[in-house]
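A.B. asks: There's a structure below that I have some questions on.
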Amino acid sequence: MIAHTRPSAHFILEKYVIKRILALSALAVSTVTAAPASAQQTILNTSYDIARELFTAINPKFQADWKAKSGQDLNIEQSFAGSSRQAQAILQGLKADLVTFNQITDVDTLAQRGLIKKDWQKAFPNNSSPYYSTIAFLVRKGNPKQIKTWDDLTRDDVKLVFPNPKTSGNARYSYLGAWLYANEKFGGDDAKNRAFVGKLLKNVESFPTGGRGATVAFAQNNQGDALLTFESEVNNIAASDEFKALGLEVVVPPVSVLAEFPVAVVDRVADEKGTRKVAEAYLNYLYTPEIQKLLASFYYRVHDKAVVQETAKQFPAIKLINPQDVLGAWDDISKTHFASGGVLDQLLAQGR
Amino acid sequence: MSFFKQHPTLPGFGLSFGVSALFITLVILVPLAGLLAYLSNMSGAQFLAAVTDPRVVASYRVTLTGAAYSTLIALVVGLLLAWVLVRYRFPGRELLDALVDLPFALPTAVAGLTLSVLLAPNGWVGQWLAPFGIKVSYAFPGLVIAMVFTSLPFVVRSVQPVLAEMGPEYEEASHTLGATDWQTTWRVILPALVPAIFTGASQAFIRSLGEFGAVVMIAGNIPYTTEITSLMIFVRLSEYDYAAASAIASVVLGASLLLLFLLQVLQGRLLPWQRPGV
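Heads up: the protein sequence lines correspond to chains L and Z, in order. Taken in order, the first sequence gives residues 109 to 460; the numbers are from my numbering. Taken in order, the second sequence gives residues 32 to 309; the numbers are from my numbering.
The following block contains the structure:
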């Protein structure tokens, strides 16, 4: 016969205390998750690699502006990586509400797969591009190799650093800048263009995977004589606290490529999450005079006439060539030059 | 007796077998199946084209030579490190032991970045090499060093337990029989370590084959010269060519599996006393 003994302390603990604790925590969790979510909205902005400082400055301003206009608390999450990687991440399921890229092709890829509507460029002014830039060179103090234009980059004694054109939009613009310059210079002779750009690619010492990796290689690790990247980045590096002491100089060539920075709402995600209004307001906010001035302070070129006049001294008046005017639609440019086996691949394979 | 009807001494065999099989399926087999699913969309000709592209083949060469050099270096350094850690007692021994695991804990991108800054012409170590014209960062030597960094722990951790288990009695016996130190090392200690060395070296080699973060930060990534296969996979992904990326990945995977299999067979042949059930 089983002896009936008083329940031991252990048994009491198990039966009563733990069960109570579990019940209470279940209640607490359900209360927290059941709380109305409208008190705070979260949006995710995916940007290109070198936009960190820019959006760190813009986001708090928009949060304040949105709070004033709608009384809602807004949480803006940011993601920074090469813009092709960001596009891929979104294709593979990243729930980004809006994108602020540095290459139109990456937004087009999302549009083709149905995540953004096809006529996204009409959604915002200036072809959905609140700011634009071009490719400039960063050189060593005193410009010892006297690098002034694209021609100088093809000299035998000049070594270059810029990101890998296969993975970085930044680098693809450098390639296009070289190509368009050669095109102008040689009057459209394809063979001469190829020779020019091929020589430039041969002079590259290192192909880091992203814009910031290239900055580290050039500024920190002393690789190469010139760094090719966006004009905004070139100016920001030269003036930054980290590298001011190096006395790096900015060289903006007289002819360069027009790099429009597209922005778009990721329609599928915004509709799903109900954040369309916020996302559109955010992107429209980038066109307001206050933010256009802020953009100019980061050395991005803007369209707002008043700001352009004010900041004329910062931006040398140079000839900017739009790749679409010379080489056709972005789709064609990608297929001809940057796809597997395209011109870029052929030039890199030369002589190896 | 059928496998599933055996009654081992420890209870819970069915459940533990089931749980282990589930985890292996989820973590290893499902991703592999995904890879094969992408591959099945390609025709044989497309697969061959993706895998034999000259730039990809050049990357195989770079990766294999880099992995070979780095495995040799890791082997020598790792053996030495394991020997020192096991056979000697000195202040800081435990710290050194813990530091050996650092490459496992550190994000590989951080490792690569730190190494590239250290070995650059104006870095702490690089500045001593620069006057001799030796370029380490953004060149092939940097690639090898990054691979050594990430694969060293495999060698050390493979050899350490075996060495620790080998008591001093073998060396003592060998000395009493008149062997010199060199003969003792070469003919008594090292042969006993051979399986551990094989295992460590193969793990180090396979890790180096697939290493991405540490290497792309320091290698320079010049196509045909310092571009590794993992970067080629990444490049194909950037072109949205998932099929080609899977094709190249399957080649690396196949090579690793083949190597592991060969090593198992070799061990069985060369060291008959290591075969189970003998």
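Cβ atoms here follow ideal geometry from the backbone N, Cα and C, with glycine treated the same way.
Do you know how far the Cα of residue 261 (chain L) is from the Cα of residue 255 (chain L)?
C.D. replies: Using only the alpha carbons, I get a separation of about 7 Å.
A.B. asks: So, with DSSP's three-state summary, where would you put residue 227 (chain L)?
C.D. replies: coil
A.B. asks: Closer than 9 Å by beta-carbon distance: list the chain L residues that pair up with residue 73 (chain Z), in chain order.
C.D. replies: Neighbours of residue 73 (chain Z) on chain L: none; closest Cβ ~14 Å, over 9 Å.
A.B. asks: Output the boundary residues of the beta strand (DSSP E) element that contains residue 373 (chain L).
C.D. replies: Unbroken beta strand (DSSP E) run through residue 373 (chain L): 371–373.
A.B. asks: Quick one: is residue 457 (chain L) near chain Z, going by C-beta distance under 9 Å?
C.D. replies: yes
A.B. asks: Relative to the C-alpha of residue 331 (chain L), which residue among L:210, L:269, L:209, L:395 is closest?
C.D. replies: That would be L:269, whose Cα lies nearest to the Cα of residue 331 (chain L).
A.B. asks: My understanding is that residue 194 (chain L) touches residue 215 (chain L), with C-beta atoms under 8 Å, so please give their C-beta distance in whole angstroms.
C.D. replies: The Cβ separation is near 10 Å, so there is no contact.
A.B. asks: Kindly list the residues whose CB is nearer than 7 Å to the CB of residue 415 (chain L), restricted to its own chain and excluding five residues on each side of it in sequence; keep chain order.
C.D. replies: 397, 400, 401, 404
A.B. asks: Can you list, in chain order, the residues of its chain whose CB lies under 6 Å from that of residue 213 (chain L), leaving out five sequence neighbours each side?
C.D. replies: Excluding positions up to five away in sequence, the list reads 438, 442.
A.B. asks: Can you confirm whether residue 309 (chain Z), when its beta carbon is compared against all beta carbons of chain L, has any partner nearer than 9 Å?
C.D. replies: Any reading at residue 309 (chain Z) must be qualified, since the residue scores a pLDDT of 44, below 50, and its modelled position is unreliable; the value itself is stated next. Cβ-Cβ to chain L under 9 Å: no for residue 309 (chain Z).
A.B. asks: Residue 134 (chain Z) and residue 103 (chain Z) - do their beta-carbons sit closer together than 9 Å?
C.D. replies: no
A.B. asks: Report yes or no: is there a C-beta of chain Z within less than 9 Å of the C-beta of residue 145 (chain L)?
C.D. replies: For residue 145 (chain L), the predicted structure reports a pLDDT of 46, less than 50, and the residue's modelled location is therefore unreliable. The matter cannot be settled from this model.
A.B. asks: Helix, strand or coil, according to DSSP, for residue 394 (chain L) in the structure here?
C.D. replies: coil
A.B. asks: May I ask which residues mark the beginning and end of the alpha helix (DSSP H) holding residue 261 (chain Z)?
C.D. replies: Segment 260–269, the alpha helix (DSSP H) holding residue 261 (chain Z).
A.B. asks: Along chain Z, in chain order, which residues have C-beta atoms closer than 8 Å to that of residue 453 (chain L)?
C.D. replies: Taking a Cβ-Cβ threshold of 8 Å, the residues of chain Z close to residue 453 (chain L) are 86, in chain order.
A.B. asks: Take residue 246 (chain Z) and list the residues in its own chain whose beta-carbon comes closer than 7 Å to its own, dropping the five residues that flank it on each side.
C.D. replies: 143, 174, 177, 178, 259
A.B. asks: Considering only the alpha carbon of each residue, which of Z:200, Z:68, Z:42, Z:189 lies closest to residue 233 (chain Z)?
C.D. replies: Z:189
A.B. asks: If you follow the alpha helix (DSSP H) that residue 63 (chain L) is in, where does it begin and where does it stop?
C.D. replies: For chain L, the structure presents residues 109 to 460; residue 63 (chain L) sits outside this window and is missing.
A.B. asks: Determine, using beta carbons only, whether residue 487 (chain L) comes closer than 9 Å to chain Z.
C.D. replies: Residue 487 (chain L) lies beyond the stretch modelled for chain L, which goes from 109 to 460, so this question has no answer here.
A.B. asks: Helix, strand or coil, according to DSSP, for residue 239 (chain L) in the structure here?
C.D. replies: strand
A.B. asks: Which value, in whole angstroms, describes the spacing of the CA atoms of residue 56 (chain Z) and residue 78 (chain Z)?
C.D. replies: 26 Å
A.B. asks: Over what stretch of residues does the beta strand (DSSP E) that includes residue 256 (chain L) continue unbroken?
C.D. replies: Residue 256 (chain L) -> no beta strand (DSSP E), and no H or E assigned at all.
A.B. asks: Can you find a CB in chain L that lies within less than 9 Å of the CB of residue 41 (chain Z)?
C.D. replies: no
A.B. asks: Taking 8 Å as the threshold, find out whether the segment 251–265 of chain Z comes into contact with the segment 311–320 of chain L through three or more Cβ pairs.
C.D. replies: yes
A.B. asks: Strictly below 9 Å CB to CB, what residues from chain L border residue 272 (chain Z)?
C.D. replies: 447, 448
A.B. asks: Where do the N-terminal and C-terminal ends of the alpha helix (DSSP H) with residue 242 (chain Z) fall, by residue?
C.D. replies: Unbroken run through residue 242 (chain Z): none, as it is neither H nor E.
A.B. asks: With a cut-off of 8 Å on the beta carbons, I'd call residue 369 (chain L) and residue 239 (chain L) a contact; round off their distance for me.
C.D. replies: With 8 Å as the limit, residue 369 (chain L) and residue 239 (chain L) qualify as a contact, their Cβ atoms being about 6 Å apart.
A.B. asks: Which residues bound the alpha helix (DSSP H) around residue 61 (chain Z)?
C.D. replies: 61–71
A.B. asks: Can you give me the start and stop residues for the beta strand (DSSP E) that residue 151 (chain L) sits inside?
C.D. replies: 148–155
A.B. asks: Output, in chain order, the set of chain L residues within a Cβ distance shorter than 7 Å of residue 169 (chain Z).
C.D. replies: 313, 314, 325, 331
A.B. asks: Leaving out five residues before and five after residue 430 (chain L) in sequence, what residues of the same chain have Cβ atoms less than 6 Å from its Cβ?
C.D. replies: Only 366 meet the Cβ criterion.
A.B. asks: Can you tell me where the beta strand (DSSP E) with residue 336 (chain L) in it begins and where it stops?
C.D. replies: 334–338
A.B. asks: Is residue 314 (chain L) helix, strand or coil by DSSP?
C.D. replies: strand
A.B. asks: By the criterion of Cβ-Cβ separation under 9 Å, what are the contact partners of residue 317 (chain L) in chain Z?
C.D. replies: What residue 317 (chain L) touches in chain Z: 247, 248, 252, 262, 265.
A.B. asks: Using the C-alpha atoms, what's the distance from residue 71 (chain Z) back to residue 376 (chain L)?
C.D. replies: 30 Å
A.B. asks: Give the DSSP-derived three-state secondary structure of residue 188 (chain L) in the structure shown.
C.D. replies: strand
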